[in-house]
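Participant: What follows is a structure written as structure tokens; I'll ask about it next.
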Amino acid sequence: MEAVVLSQALREYTRAKRVAPWLLLALGCLGLAVVWPSLMHGAKPEDQYASVSSILVFRILALASAIFTTAIVSQEVEQRTIVYLLTRPIERWRLLLFRYLASVAVVALLGIIAALLTSFGAYHGVAGNPLLANDLKAIIIGAFAYGGLFLLVSLLFNRSMIICLLFAFGWETSVPNMPGDLYHVSIFSYLQAIAQHPSAAGGKLIDFASGALSTNSITEGSAWTTLTLLTIITVAVSLWWFSHFEYVPREDAE
């Protein structure tokens, strides 16, 4: 039954209408990587890739996770299909877990495609990019971490997508640039610690967009530990919460 839930969720999340906008954004990463040298004269391929990856690829990861993950439960509630979802002959926590894993897989795949296209634009291929391997690792753990956090938020709050989008775009863009140690409460800061991007001179606007205004002292090892614990805790609490509380269709949903 778990395989059925997983495959159905994957088919639902990979429908053409759902993934097409994200693939277009991934193509945008390719285009920006190609034209980056004309925007930043003298930029090396490593600078091209690192800048576009930080500015766009990881933002796509967070935004895609916010939208796909909140759809697991919140969309079912708002569309009044939650009753049919819960009638399946499977324990609630298993149902939620495998739908979460499906969303993580799709979000990670979209992030990987964006990273590969960015690498292709900067290096005219995938080979020869020393930053790509770490970025792919960061994208995968990022899909799990963002997904776990957004899943819990979607269970705790109505209209959770607004909260998740504000976090993905507003919080994750501004907090890593703030002075002091506030960047420690940003998932993006930990992903950057794993990615190990070199610092490149690009002006304050570029540094802000890539989260480079503040000094990130997080080590790669502590980043892995923190994101793994965040994922385990948020997913575990989400599974418990979903198993013990009732979810009914929203009467005010249009």
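Under my numbering, the first residue of the sequence shown is numbered 11, with each subsequent residue one higher. No residue lacks a Cβ here, since even glycine has one placed at the ideal position from N, Cα and C.
Compare the beta carbon distance of threonine 128 and leucine 33 with 9 Å and say whether it is the shorter of the two.
Facilitator: Position 118 of the sequence shown, counting from 1, holds the residue named residue 128. Position 23 of the sequence shown, counting from 1, holds the residue named residue 33. No.
Participant: Excluding five sequence neighbours on each side, which residues of the same chain lie with their C-beta closer than 7 Å to the C-beta of isoleucine 149?
Facilitator: On the sequence shown, position 139 is the one that residue 149 refers to. If we look at isoleucine 149 and ignore the five residues flanking it on each side, its Cβ neighbours are Leu71, Ala118, Gly121, Ile122, Ala125.
Participant: Note down, one range per segment and in chain order, each alpha helix (DSSP H) of at least 4 residues found wholly within the region 146–234.
Facilitator: Taking only runs of at least 4 residues, the alpha helix (DSSP H) segments lying wholly in the region 146–234 are 170–175, 197–205, 213–219.
Participant: For glycine 152, which residues in the same chain have their Cβ closer than 6 Å to its Cβ, ignoring the five residues on either side in sequence?
Facilitator: Translated into positions along the sequence shown, residue 152 becomes position 142. These residues qualify, in order along the chain: Leu71, Leu201.
Participant: Kindly give me the distance between the Cβ atoms of phenylalanine 78 and serine 113, rounded to whole angstroms, as I take these residues to be in contact under 8 Å.
Facilitator: For the purposes of this step, residue 78 is taken as residue 68 along the sequence shown, with counting starting at 1. For the purposes of this step, residue 113 is taken as residue 103 along the sequence shown, with counting starting at 1. Indeed they touch by this definition, with Cβ atoms about 4 Å apart.
Participant: If you draw a straight line from the alpha carbon of histidine 194 to that of lysine 147, how long is it in whole angstroms?
Facilitator: Locating residue 194 in the sequence shown gives position 184, counting from the first residue. Locating residue 147 in the sequence shown gives position 137, counting from the first residue. Answer to the nearest angstrom: the Cα atoms are 19 Å apart.
Participant: Measuring CA to CA, which of Leu237, Leu37, Ala13, Ser196 is closest to tryptophan 181?
Facilitator: Numbered from its first residue, the sequence shown carries residue 181 at position 171. The residue with the shortest Cα to Cα distance from tryptophan 181 is Ser196.
Participant: Tell me which same chain residues have a C-beta within less than 6 Å of the C-beta of alanine 19, skipping the five on either side of it?
Facilitator: Indexing the sequence shown from 1 puts residue 19 at position 9. Same-chain partners within the cutoff: Arg109, Ala112.
Participant: Between Ser248, Leu237, Ile204, Val245, which lies nearest to threonine 229 when the distance is taken from Cα to Cα?
Facilitator: Against the sequence shown, residue 229 aligns to sequence position 219. Nearest of Ser248, Leu237, Ile204, Val245 to threonine 229, Cα basis: Ile204.
Participant: Using a Cβ-Cβ cut-off of 7 Å (strictly less than) and excluding sequence neighbours within five positions of proline 55, which residues of its own chain qualify?
Facilitator: To locate residue 55, count along the sequence shown from 1; it is residue 45. Hits under 7 Å: Ala132, Tyr133.
Participant: Which residues bound the alpha helix (DSSP H) around arginine 121?
Facilitator: The residue given as residue 121 occupies position 111 in the sequence shown. At residue 121 the sequence reads glycine, which differs from the arginine that was named. Residues 102–133.
Participant: Return helix, strand or coil for alanine 263, following the three-state DSSP convention.
Facilitator: For this step, residue 263 is matched to residue 253 along the sequence shown. Note that alanine 263 scores a pLDDT of 44, beneath 50, so its modelled location is shaky; the value from the coordinates is reported in the next line. Alanine 263 falls in the coil class under three-state DSSP.
Participant: Can the beta-carbon of phenylalanine 160 be found closer than 9 Å to that of threonine 80?
Facilitator: Walking along the sequence shown from the start, residue 160 turns up at place 150. Walking along the sequence shown from the start, residue 80 turns up at place 70. Cβ atoms of phenylalanine 160 and threonine 80: closer than 9 Å.
Participant: Can you look up histidine 10 in the DSSP assignment and give me helix, strand or coil?
Facilitator: With the chain represented from 11 up to 264, any question about residue 10 goes unanswered, as that position is not in the structure.
Participant: Proline 186 and leucine 198 - do their beta-carbons sit closer together than 9 Å?
Facilitator: As a working note, residue 198 is residue 188 in the sequence shown. As a working note, residue 186 is residue 176 in the sequence shown. The amino acid at residue 198 is misidentified as leucine; the sequence shows phenylalanine. The answer is yes: Cβ separation under 9 Å.
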